[in-house]
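In the numbering used here, the protein residues as written are -4 to 591.
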């Protein structure tokens, strides 16, 4: 990173170029690959329904019940309108589009708070009211508004531009930059430091005209970005998962490019391993590893991928289309605008190659194979149980066949007060009971940095991928787990130093299993996984857990197979993956199967 003298001198010497221009968006209008995205933008921009009101009752609901969603659904619906109308006016700056944008700029600028109720402590910590809380979404809002008036200010009423700029300074830039006390997020190594500093920093790059003050702004942003980068080890892996890579590293890259245009300083080189993370854990077909609070269908902005490919030579994961307008439920302007301005359609449709990715610092292994023309993916993880967005999941694994998760990683649960508080592991999703791991001696995995897996082996021999973990520090007993996967068959060998302890082997899926003595079948739409085990050593039962999903509170049904027995020096399990969809008979056999 650069020091203050280098920053000051670069600002003085560099002829600033615009971060984005209206011409960037005019070109987007003619790109066929962007047409579905633009159609979604224009539909939302033209909507005449009033913006949902952010009431005091909804604000207070979080403190009273822990419910985040009632307020946040309305909040992000308002951000959807703001993003759509800003993009629409840039794509075609008609008088009608500009009038609609003017209206929503005033509405957003006049909100009680840009900070969310769940993040109000970020204001309280500094003795401030919530309207001066500098959280993720206050910073994102500041960036959106600053860029809107920066790009279109000469076409908007002068009082609108003045009001918006004043509110961005009052709510975000002044509380942050005029106080030497660091914000909580300035010392966080997760996505918060990059998003808050990057978004607020981009707002300042648009609005700040005093070169000395701008140098101080950039210096403070770069200090936060340095902290963010310490959250990554040499393998570049993001312990929070692909969704949070998009969020945190995405804002790092967006700010990096804005800084380069404004000052000539370049902080993107040196992050090549981080940039390559999505391709490393890609399954193909728009799917990827969902460990931690991730998502198996995490979307990745095509504009971001295009820029990383061009700047760093970053490999591109397999994506079928540009992200639709409705996909990002937070409607972040940084992603949307760069998708429009930067996307090269050549990043679409690049197939994910077969191979093994091993991230030694995260201790994640991902193996992609093509078997009989179908993609089969195995992934497993070590690490420790104090990771960002932690799940108690050491030794957990998943199997994905032909784009369908047969043995699953559930990803993130519903975000509420409990999910980020002392009761986090009462939720199925981050708890050990939501993962395919053993429960030893009646005790499930618990959170803590000391609960760590040690990698005993990783590699490939004769077409078989091997991954072995020592889980003794996780369970407080001598426990090992060994995987061997050849693309069709997974061997799991669990070893226990102490014999005779209660043991439950868990296998988690969203596919309903069928049990028969010594075997379990998960019959999917295009394939099935068949688990065989020692029926003399284990009793099998299946549990149906009805819960709700991460974003939308839609029903989510999870099926957990529990094999109950006793620890022994060695227990072996075999999972065979086969093509073929259809129903399953009473003994686990496929009936009316189709291999098409």
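Glycine is no exception: its CB is placed at the ideal position from the N, C-alpha and C atoms.
- Bounds of any beta strand (DSSP E) do not take in residue 90; it lies within the alpha helix (DSSP H) bounded by 90 to 104.
- Taking 3 residues as the shortest admissible run, the region 436 to 482 contains the following complete beta strand (DSSP E) segments, listed from N- to C-terminal end: 443 to 447, 449 to 456, 459 to 465 and 474 to 480.
- Counting along the chain, no alpha helix (DSSP H) covers residue 177, and no H or E run does either.
- Closest by C-alpha distance to residue 371, out of 214, 323, 280 and 288, is 280.
- Three or more beta-carbon pairs separated by less than 8 Å are not found between the region 255 to 272 and the region 23 to 43, which leaves the two stretches without contact.
- Distance between residue 179 and residue 517, taken at the CA atoms: about 45 Å.
- In the three-state DSSP reduction, residue 63 falls in the coil class, being neither helix nor strand.
- Annotation for residue 562: no alpha helix (DSSP H) segment contains it, and DSSP assigns it neither H nor E.
- DSSP places residue 250 within a helical segment (H, G or I) once states are collapsed to three.
- Spatial neighbours of residue 221 in its own chain (CB-CB distance under 7 Å, excluding positions within 5 residues in sequence) are listed in chain order as -4.
- By the criterion of at least three beta-carbon pairs nearer than 8 Å, the region 551 to 562 is not in contact with the region 477 to 488.
- The three-state reading of DSSP puts residue 33 in helix, counting H, G and I together.
- Sequence-distant Cβ neighbours of residue 302 in its own chain, meaning closer than 6 Å and more than five residues away, are 337.
- A direct Cα-Cα distance of roughly 16 Å separates residue 507 from residue 430.
- Counting along the chain, the unbroken alpha helix (DSSP H) around residue 211 starts and ends at 206 to 224.
- Of 533, 456 and 503, the smallest CA-CA separation from residue 566 is found for 533.
- About 5 Å separates the beta carbon of residue 53 from that of residue 65, a gap short enough to meet the 8 Å contact definition.
- Assigned with DSSP and collapsed to three states, residue 576 falls in strand.
- In the three-state DSSP reduction, residue 569 falls in the strand class (E or B).
- Annotation for residue 298: the continuous alpha helix (DSSP H) segment containing it runs 297 to 307.
- A Cβ-Cβ distance of about 18 Å is found for the pair residue 375 and residue 434, leaving them out of contact under the 8 Å criterion.
- Under the three-state reduction of DSSP output, residue 330 falls in the helix class.
- Within its own chain, the residues whose Cβ lies closer than 8 Å to the Cβ of residue 423, once the five positions on either side in sequence are excluded, are 405, 408, 429, 540, 542 and 553, listed in chain order.
- Burial is judged here by how many other beta carbons sit within 10 angstroms of a residue's own beta carbon; residue 185 has at least 16 and is buried.
- For the pair residue 97 and residue 151, the Cα-to-Cα distance works out to about 7 Å.
- Rounded to the nearest whole angstrom, the CA to CA distance from residue 361 to residue 530 is 30 Å.
- In the three-state reduction of the DSSP assignment, residue 4 falls in the helix class.
- The C-beta separation of residue 230 from residue 354 comes to about 4 Å, placing the pair in contact by the 8 Å criterion.
- Annotation note: the region 338 to 401 contains the following uninterrupted beta strand (DSSP E) runs of length 3 or greater, listed N- to C-terminal: 350 to 354, 359 to 366, 369 to 376 and 392 to 396.
- The alpha-carbon of residue 187 is positioned some 15 Å away from that of residue 137.
- Residue 563 places its beta carbon 7 Å or farther from that of residue 356.
- Taking a 10 Å sphere around the C-beta of residue -2, we find fewer than 16 other C-beta atoms and assign the residue as exposed.
- Looking at the DSSP output, residue 524 shares a beta bridge with 517 and 572.
- Distance from the CA atom of residue 162 to the CA atom of residue 129, rounded to whole angstroms, is 13 Å.
- In the DSSP assignment, residue 142 falls within the alpha helix (DSSP H) that extends over 131 to 147.
- A straight line joining the alpha-carbon of residue 365 with that of residue 414 spans about 38 Å.
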